[in-house]
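Enquirer: In the working numbering, the protein residues as written are 473 to 754. First, the structure itself, so that you have it in front of you.
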């Protein structure tokens with residue numbers, strides 16, 4: 473049996489064990505070569521899991537009373553891989569629009585939350601899980617402000633079961649800084665430049681508007697300041713403005729990354745406070 477087959481076989485055992493552990497049982501993987509994240513491999517090692525989480529990793533550990541012991545002799549046990557910047561759970565069949573929920577209409581969607589859009593019954597989740605990927609950073613795409621990402625585990629029946637952390641960050645899609653010349657691009661160079669400038673302007677104005685919105689919200693009830701209607705978009709930007717979550721800028725070309733770095737100062741000035749913005753944009 474090849475090493476890859478051994479790894480996949482043990483990965484399947486880990487997934488099965490994790491499913492039971494999530495239901496409250498203690499599970500022990502014993503006898504395999506355990507590869508910790510930040511330590512040398514452990515021959516004939518043990519992994520103890522309880523309530524769906526790893527409790528201990530080591531050599532000659534004591535198995536909890538009543539634990540289910542899974543033999544991994546001759547196999548390798550690796551930490552689950554994380555799929556980063558993924559749309560896993562947000563899309564099923566690329567050519568069928570009704571199964572794709574990774575992009576909303578409009579360009580400013582800070583209120584889009586990846587964790588509530590995930591389909592826990594997606595057929596892609598178990599296929600991915602059995603190949604050793606146990607977690608994913610799921611990121612909405614499209615527009616200028618795409619929304620907030622979520623770190624999920626790939627085993628669960630509901631959004632609450634699967635969500636490990638949300639929101640992880642607010643995602644900004646930086647527009648191309650130079651005209652694109654490709655068969656699918658029908659706009660002229662000048663039209664592309666105008667679209668780029670409009671996208672950047674809308675991004676900076678969004679931070680301006682959100683800052684003004686939160687300033688008004690904070691002033692409600694003080695000195696006769698009236699209450700303001702809630703706006704879900706600017707409510708959603710609050711965590712980023714206050715530095716509670718990072719603002720993650722997507723730039724796929726060198727000139728886009730350089731331009732994004734130059735404009736970080738603009739975003740800082742448009743955030744609620746300079747120190748909060750530095751935390752959000754560092």
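All C-beta atoms in this analysis are idealised placements derived from N, C-alpha and C, irrespective of residue type, glycine included.
Could you spell out the range, first to last residue, of the alpha helix (DSSP H) harbouring residue 668?
Expert: First-last of the alpha helix (DSSP H) with residue 668: 661-691.
Enquirer: According to DSSP, residue 541 sits in a beta bridge with which residue or residues?
Expert: BP columns for residue 541 point to 500.
Enquirer: Could you please give the first and the last residue of the uninterrupted alpha helix (DSSP H) stretch that includes residue 634?
Expert: Per DSSP, residue 634 belongs to the alpha helix (DSSP H) from 631-634.
Enquirer: Out of 646, 633, 503, which one is the CA nearest neighbour of residue 580?
Expert: Per the Cα distances, 646.
Enquirer: Leaving aside the five residues before and after residue 634 along the sequence, list all residues of the same chain whose C-beta is less than 7 Å from its C-beta, in chain order.
Expert: Taken in chain order, the residues that qualify are 590, 592, 624, 625, 628.
Enquirer: Quick one: which unbroken alpha helix (DSSP H) runs of 4-plus residues sit fully inside the region 546-614? Chain order, please.
Expert: For the region 546-614, whole alpha helix (DSSP H) runs of length 4 or above, ordered along the chain, are 586-589, 596-602.
Enquirer: Inspect the beta-carbon positions of residue 689 and residue 700 and report whether they are closer than 8 Å.
Expert: A contact, by the Cβ cut-off of 8 Å.
Enquirer: Three-state secondary structure (DSSP) at residue 517?
Expert: Three-state DSSP puts residue 517 in a strand.
Enquirer: Run through DSSP, which three-state label would residue 715 get?
Expert: In the structure shown, residue 715 sits in coil (DSSP, three-state: anything other than H, G, I, E or B).
Enquirer: Going by DSSP in three states, residue 622 sits in which element: helix, strand or coil?
Expert: Here residue 622 sits in strand by DSSP.
Enquirer: Is the beta carbon of residue 597 less than 8 Å from the beta carbon of residue 558?
Expert: Cβ atoms of residue 597 and residue 558: not closer than 8 Å.
Enquirer: Going by DSSP, name the residue or residues bridged to residue 722.
Expert: According to DSSP, which records beta bridges pairwise, residue 722 is partnered with 645.
Enquirer: With DSSP as the reference, label residue 705 as helix, strand or coil.
Expert: The answer is helix: DSSP assigns residue 705 an H, G or I state.
Enquirer: In angstroms, rounded to a whole number, what distance separates the CA positions of residue 614 and residue 555?
Expert: Cα to Cα, residue 614 sits roughly 19 Å from residue 555.
Enquirer: If you check the beta carbons only, do residue 520 and residue 536 fall under 8 Å apart?
Expert: Result yes, Cβ atoms of residue 520 and residue 536 sit closer than 8 Å.
Enquirer: Buried or exposed: residue 752, going by 16 or more other Cβ atoms within 10 Å of its Cβ?
Expert: Confidence at residue 752 is low in this model, with a pLDDT of 37, below 50, so its placement is unreliable and no value can be given for it.
Enquirer: Residue 582 and residue 708 look like a contact to me (Cβ under 8 Å); what is the Cβ gap, rounded to whole Å?
Expert: Confirmed, about 4 Å.
Enquirer: So what's residue 710 in DSSP terms, helix, strand or just coil?
Expert: Helix, per DSSP.
Enquirer: Report all residues from its chain with a CB closer than 6 Å to the CB of residue 575; omit the five preceding and five following residues, and keep chain order.
Expert: The answer, listed in chain order, is 613, 614.
Enquirer: Under the rule that 16 or more other beta-carbon atoms within 10 Å means buried, what is residue 531, buried or exposed?
Expert: When all chains shown are included, residue 531 counts as exposed.
Enquirer: Using CA atoms only, rank isn't needed, just tell me which of 578, 552, 566 is closest to residue 605.
Expert: Minimum Cα distance to residue 605 is reached at 552.
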